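Read the structure below first, then the notes.
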């Protein structure tokens, strides 16, 4: 027992010391080069601020949206790098090399436990006997959805900054698979704004039991909360199911809103990558939508939220 | 270690051997390796960027982002003794890590 305690101390001592050193090195780099990073961020929407110009060897980003100017005072951000690194390492032990193969029930169980532990949420592959066909697969890009009849690209965004970043994604013709998010512009609240902003499309039609109980399954899936995690960079986001799709022939297993794709640093096309997607059991609707970090801390979104409608 | 533009200049085997000799789990070893390698990487990046003229710093970061090693070397070749500088800073921090391991692992070394 004494030996076991010593063994644990060695790892913990080294980890704590090296994590501090690591955080300080990166903080110094960002502080010294803040002006360059900010300039690159402004000029190119493709510049992955999350990996900060390759300074992070592994795909473990500093929290996207960090205000680089304030980096010196934000100790908490740098400590979170290590939580993400640990989660990435933990997940990598159980994920299949080929994301198209999906997870075994054993992998699903363990990954659900890791995510529940790391995010402080009740993460599940199945709720009330209902589940999707898979919980790991390739994500593609979706367009913006009409939130109410008449919603269009001119009225869709809450700020010019948001429009600048997300306008090019365009809007899907017609309503999403679950209809409009609300009846009209007048009844639109922040809740619906965030639901559309952080929506995913999943292949509800491939869920076991779906065809036999369509109505029941549609009600179950509509705006059901899901945790999405990019296992390569550790970025995670709380989303809702807002649409059904993509089509099986696309080779994609789910789709993410423009805001989700940007935050997770996933792209469509040839460089398509996988994400984990699990239900969040949240019967009292307490879990906020949007970016989240290990520890259950709400991440800073890369576009400041505006409360104006 | 993931291949970087300076991989051919540095030697980390001694660090890995010291970590292998610790009686820790595979996962714990992987965590420590990631921390060490990422720290070494940041140190090297800082060293290079500190020696670049202002106009070249942006290009260096973008080439790093794109993992364009050829363009990186075309850019930084004017830095006097750049290979030595990179190896030197990387090995200094590597040696700090090795020293930490030796200092804290006296009782837990594998038999």
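Residue numbers (the working numbering), protein chains in the order written: chain F, -10 to 298; chain R, 166 to 276.
Glycine residues also receive a C-beta, built at the ideal position from the N, C-alpha and C atoms.
Here the structure is a predicted model, which is why all the values come from computation and not from measurement.
Of the listed residues the options, nearest to residue i (C-alpha basis)
i, options, result
"residue 118(F)", "109(F), 202(F) and 224(F)", "202(F)"
"residue 102(F)", "91(F), 115(F) and 142(F)", "115(F)"
"residue 209(R)", "265(R), 254(R) and 266(R)", "254(R)"
"residue 123(F)", "19(F), 145(F), 84(F) and 284(F)", "84(F)"
"residue 336(F)", "260(F), 15(F) and 130(F)", "Summary: the structure shown does not reach residue 336(F), with chain F confined to residues -10 through 298, and so no result is reported for it."
"residue 94(F)", "121(F), 110(F) and 107(F)", "121(F)"
"residue 230(F)", "238(F), 244(F), 17(F) and 240(F)", "244(F)"
"residue 186(F)", "216(F), 228(F) and 161(F)", "228(F)"
"residue 177(F)", "156(F), 193(F), 144(F) and 165(F)", "144(F)"
"residue 276(F)", "260(F), 234(F), 213(F) and 258(F)", "213(F)"
"residue 191(F)", "234(F), 179(F) and 28(F)", "234(F)"
"residue 268(R)", "179(F), 216(F) and 6(F)", "6(F)"
"residue 260(R)", "240(R), 178(R), 233(R) and 218(R)", "178(R)"
"residue 260(F)", "142(F), 162(F), 128(F) and 279(F)", "128(F)"
"residue 281(R)", "251(R), 227(R) and 219(R)", "Look at the range of chain R in this structure, 166 to 276, and you will see that residue 281(R) is not part of it."
"residue 88(F)", "126(F), 250(F) and 78(F)", "126(F)"
"residue 170(F)", "184(F), 284(F), 10(F) and 82(F)", "184(F)"
Beta-ladder partner(s) of residue i, from DSSP
i, result
"residue 188(F)", "229(F)"
"residue 115(F)", "120(F)"
"residue 264(F)", "126(F)"
"residue 215(F)", "228(F) and 268(F)"
"residue 160(F)", "133(F)"
"residue 245(F)", "130(F) and 189(F)"
Buried/exposed call for residue i, threshold 16 Cβ in 10 Å
i, result
"residue 24(F)", "exposed"
"residue 249(R)", "exposed"
"residue 42(F)", "Legend: pLDDT at residue 42(F) = 45, less than 50; position of this residue unreliable, value from coordinates given subsequently. That one is buried."
"residue 243(R)", "exposed"
"residue 139(F)", "exposed"
"residue 232(F)", "buried"
"residue 90(F)", "exposed"
"residue 304(F)", "For residue 304(F) there is no data in the structure shown, the boundaries of chain F being -10 and 298."
"residue 182(R)", "exposed"
"residue 237(F)", "exposed"
Where residue i meets chain A, residues with beta-carbon distance less than 9 Å
i, result
"residue 74(F)", "Absent from the structure: chain A. Protein chains present are F and R."
- [ ] Determine which residues of the region 177 to 206 of chain R have a Cβ less than 7 Å from any Cβ of chain F, and write them out in chain order.
- [x] 187, 188, 189, 192, 193, 195, 196, 197, 199, 200, 201, 202, 203, 204 and 206
TODO: Decide if the region 221 to 229 of chain F is in contact with the region 249 to 258 of chain F; the criterion is three or more beta carbon pairs, one per stretch, under 8 Å apart.
DONE: yes
- [ ] Flag this pair as touching only if the region 258 to 278 of chain F and the region 142 to 152 of chain F have three or more C-beta atom pairs under 8 Å; answer yes or no.
- [x] no
TODO: Output, in sequence order along the chain, the residues in the region 5 to 18 of chain F whose CB is closer than 8 Å to any CB in chain R.
DONE: 6, 7, 8, 10, 11, 14, 15, 17 and 18
- [ ] Evaluate contact between the region 194 to 207 of chain R and the region 72 to 90 of chain F, counting only Cβ atoms and requiring at least three cross-stretch pairs below 8 Å.
- [x] yes
Open item on the list: Three or more C-beta pairs under 8 Å: does that hold for the region 216 to 236 of chain R against the region 102 to 112 of chain F?
Closed with: no
Task: chain R contacts made by the region 82 to 108 of chain F, where a contact means CB separation under 8 Å - done: 82
TODO: Give the residues from the region 224 to 251 of chain R that approach chain F closer than 9 Å (Cβ to any Cβ), ordered along the chain.
DONE: 225, 226, 227, 228, 229, 230, 231 and 232
Task: Against chain R: residues of the region 158 to 189 of chain F by CB proximity under 7 Å - done: none
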